[in-house]
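Asks: Protein chains in written order, with the working numbering: chain Z, 1467 to 1673; chain A, 1467 to 1673; chain E, 1467 to 1673; chain R, 1467 to 1673. Idealized CB from N, CA, C, for every residue including glycine. Dropping the structure in here first, questions after.
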DNA sequence: GATGAATGAGTGTTCATTCAT
DNA sequence: AATGAATGAACACTCATTCAT
């Protein structure tokens, strides 16, 4: 490893430490209540050093947004095509969110409490990226309608609301109550519950 | 009408005007970006007068929260019992939110973007009120399970996520895209779509 | 009594009520902490009415100052000449302050805590009036020196500090501890103690 | 000197500079009229920096109060015991105040005009510290009464009023008239005058 | 006279950002 | 790179004063 590479790597690490600290602080206090001083203290570095790695508070926030949306976009761009059935595809979507929450609860917390709804933080640019998720799921559902595996009498958009709303509600509740999520088994149980209702409905099987 | 009553009424009106102005400004810019000066200007009154009617910015915000939650609580406490079937009850819930959005889009907007998820604004007290909605719907669903009108093999809590998540997603999307909602017909179509998926599922009827 | 006189009298009474209220409130909270609203409430009248009787807060304060200094000036101008001896004259001065404190403790309180020392309130104009007291006592003492009834080897000005300082300390202590003063007997005991020390000194009579 | 010590020392110096600036500004305009901006300008630093060193305006004021009372308390606790006679002890008290006024006229000015009498600024806590001075002098005088060096027929408390009142009046006058005090000779003349009157009285020696 | 709503200048405090070392 | 002192714009809140009724 060249000195240059070492240097670069050290930089990456420190940046990641600040990033994580920001996640924790913003999760705890919200974006507006989170002060740069809090983040520096949480990261164990000096006040001014944050500005060496992130040009401003909003740039630091942008990095969180970017981290989140890029993960979502990888899912949307490359994570669904390998599945055949709509059940698998939507299962992969649900899995993705639950998996993210297990691995990076702070980031998911922040994504839910700070950027997915807040007027102040949801810039037009971010809104566009947010809507891509809706559009992609809608598209997947519409294709399934074409193939006859999803009912055609309800607009794909509405079916999207039901499905993504369920995932979002579940995550939101866990986030707001600070419930941790542990293990694939639990994840699958949750995903299964949502998928079952979504596909088969809440009405008991008659007979 | 006595002078005292007139006075009182005038006070109510002015307070409502400030309330509405606050709604619009907070909807537009978010709570933290909304300056008291903006609200005063929007209400067409002087800076200091806001403080005649609301003791502080956070008290003004509390009033919005109160207005919203008290409407929700009326629904929860008195709005569902007169219905017999689970379909009617959940239909009433969906109707309520769509109706509120039609009548008071600013307040609903603020409720979604500012207090239902934001860590900074969601005080423990508000979280409790927020969770009452979840609990009530869960209770209604559990009763329906007991009566055999909702499938018993999925926890009521998960079914609640699906139903309320659908409503929330729908509203959130309309709110974030500033889509107006007009007329009972449109409301019913939306509610019907959600209820149909929720009860019957997305899977096409086989055969 | 003509209607005009009645009117005038009513005005006087109301003004006096506001004056007294101001005394009490300013005594309680200090001039800067005393709000016009507090004074109006204490006087049992409406907010704006204070401005019918006193043009501004500082005018109201001026009225208190005036009331106090005019009493002092009556003492200085007409209250001492009828006495012959220096003992009687200084006794009259001590008596005056103790008597005022008994009769109008609020006004004396305010005079001590708000205008005799406070930089912010002691305008040049008021300082001049304040110094007249010092000068008058100094003059009285100097005359006594000339007549051989006060020792000549210490500047009259310094003797003035001792005498007035003693009176001021006594009053200040009573004021700061909210001690009431009741009856001529108590007044005379206090005055006597101060005069005895002042004239005869603290040293025990040798032999 | 280690870097850390240098740093610490620099901090102390800057803090002292702000302290002194606050003294001057508060002396000039009074506590309430003194704006933080004035103090910053007087100290030659930026607005916000004052808050780096003192958390709030009232904390800054507290620092002045503390500085003054701690000096007084050193006198009371350790400054009088080494003297034998009551003349020496009270002389030390008078000397102390005159010495402080010569060395730190601004602080003494502020102590007289802002915290020794003002209702608004004299918190219960400060009142207690203020009364310790009275109590200590009273105690010293009482001991002298027991030893026969102060007349026993007048309450020690009243004799305290005469002595401290004299010192206070002298200082107050100098402060209100902005008279500087220079040199030990002048100090001694003033102290001597007060002590002479206090001990021997104003009455000329008969015979 | 009497009321209290209305006005807006003034100020303490916060905190993102910059900069000297 | 690293530190933390320094800067100053921004903003909530107060309250003396005015004014319409």
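(1) Assess, as a yes-or-no matter, whether the stretch 1562–1577 of chain Z is touched by the stretch 1596–1613 of chain Z under the definition of 3 or more beta carbon pairs within less than 8 Å.
(2) DSSP state of residue 1668 (chain R), grouped into three classes?
(3) Measure from the C-beta of residue 1628 (chain R) to each C-beta in chain E and report whether the shortest distance is under 7 Å.
(4) With a Cβ-Cβ cutoff of 7 Å, do residue 1531 (chain R) and residue 1581 (chain R) count as a contact?
(5) If distances are taken between C-alpha atoms only, which option among A:1555, A:1514, A:1484 comes closest to residue 1630 (chain A)?
(6) Listed in chain order, which residues of the stretch 1569–1587 of chain A have Cβ atoms closer than 9 Å to some Cβ of chain Z?
(7) Label residue 1540 (chain Z) either buried or exposed according to how many other C-beta atoms from any shown protein chain fall within 10 Å of its C-beta, with 16 as the threshold for buried.
(8) If we define contact as Cβ-Cβ less than 7 Å, is residue 1567 (chain E) a contact residue for chain R?
(9) So residue 1614 (chain E) contacts chain R; which residues on that side make the cut at Cβ distance below 9 Å?
(10) Counting only beta-carbon separations shorter than 7 Å, does residue 1515 (chain A) have a partner in chain Z?
(11) Taking DSSP as the reference, what is the three-state secondary structure of residue 1587 (chain R)?
(12) Please report the Cβ distance between residue 1496 (chain E) and residue 1584 (chain R), rounded to the nearest whole angstrom; I am assuming they are in contact, meaning their Cβ atoms lie under 8 Å.
(13) Our contact map puts residue 1666 (chain A) next to residue 1667 (chain Z) with C-beta atoms below 8 Å; I'd like the distance itself, whole angstroms only.
(14) 7 Å is my cut-off, CB to CB: does residue 1662 (chain Z) come that close to chain A?
(15) Please classify residue 1587 (chain E) as buried or exposed, where buried requires at least 16 neighbouring CB atoms within 10 angstroms.
(16) How would you list, in chain order, the residues of chain E whose beta-carbon sits under 7 Å from the beta-carbon of residue 1665 (chain R)?
(17) At 8 Å on the CB atoms, spell out the chain R contacts of residue 1510 (chain E), in chain order.
(18) So the alpha helix (DSSP H) residue 1553 (chain E) belongs to, where does it begin and stop?
(19) Report yes if the C-beta distance between residue 1623 (chain R) and residue 1604 (chain R) is below 7 Å; otherwise report no.
(20) Keeping to the same chain, check which residues put their C-beta closer than 7 Å to that of residue 1534 (chain A); ignore five residues upstream and five downstream.
(21) Nearest-angstrom Cα distance between residue 1506 (chain E) and residue 1559 (chain A)?
(22) CB residue 1616 (chain E) to CB residue 1663 (chain E), shorter than 7 Å?
(23) Counting only Cβ pairs nearer than 7 Å, list the residues of chain E close to residue 1526 (chain R).
(24) Over what stretch of residues does the alpha helix (DSSP H) that includes residue 1533 (chain Z) continue unbroken?
(25) Which term fits residue 1593 (chain R), buried or exposed, when burial requires 16 or more other beta carbons within 10 angstroms of its beta carbon?
(26) Look up residue 1547 (chain R) in the DSSP assignment and say whether it is helix, strand or coil.
(27) May I ask which residues mark the beginning and end of the alpha helix (DSSP H) holding residue 1627 (chain R)?
(28) Any C-beta of chain Z sitting closer than 7 Å to the C-beta of residue 1635 (chain A)?
(29) Quick check: what's the CA-CA separation for residue 1524 (chain Z) versus residue 1479 (chain Z)?
(30) Excluding five sequence neighbours on each side, which residues of the same chain lie with their C-beta closer than 6 Å to the C-beta of residue 1481 (chain Z)?
(31) Please state whether DSSP places residue 1658 (chain E) in a helix, a strand or coil.
(32) Using a Cβ cut-off of 7 Å, pull out every chain R residue sitting near residue 1499 (chain E), in sequence order please.
(33) Does the distance from the CB of residue 1509 (chain Z) to the CB of residue 1487 (chain Z) come in under 7 Å?
(34) Between residue 1639 (chain R) and residue 1598 (chain E), what straight-line distance do the alpha-carbon atoms span, to the nearest angstrom?
Replies: Taking the geometry as given:
(1) no
(2) coil
(3) yes
(4) yes
(5) Minimum Cα distance to residue 1630 (chain A) is reached at A:1555.
(6) The stretch 1569–1587 of chain A vs chain Z, Cβ under 9 Å: 1575, 1576, 1578, 1579, 1580, 1582, 1583, 1584, 1585, 1586, 1587.
(7) Result: exposed.
(8) The beta carbon of residue 1567 (chain E) sits no closer than 7 Å to any beta carbon of chain R.
(9) 1670
(10) no
(11) coil
(12) The Cβ separation is near 6 Å, so the contact holds.
(13) Yes, residue 1666 (chain A) and residue 1667 (chain Z) are in contact; Cβ-Cβ is about 4 Å, under 8 Å.
(14) yes
(15) buried
(16) 1667, 1668, 1669
(17) Correct list: empty, because the minimum Cβ distance to chain R is about 23 Å.
(18) Run containing residue 1553 (chain E): 1552–1569, per the alpha helix (DSSP H) assignment.
(19) Cβ distance < 7 Å, so residue 1623 (chain R) and residue 1604 (chain R) count as in contact.
(20) 1573, 1577
(21) 52 Å
(22) In this structure, residue 1663 (chain E) does not lie closer than 7 Å to residue 1616 (chain E) by Cβ.
(23) Correct list: empty, because the minimum Cβ distance to chain E is about 17 Å.
(24) 1523–1540
(25) With fewer than 16 other CB atoms across the displayed protein chains lying within 10 angstroms of its CB, residue 1593 (chain R) is exposed.
(26) coil
(27) Element bounds for residue 1627 (chain R): 1622–1642.
(28) yes
(29) 20 Å
(30) The answer, listed in chain order, is 1519.
(31) helix
(32) 1586
(33) yes
(34) 12 Å
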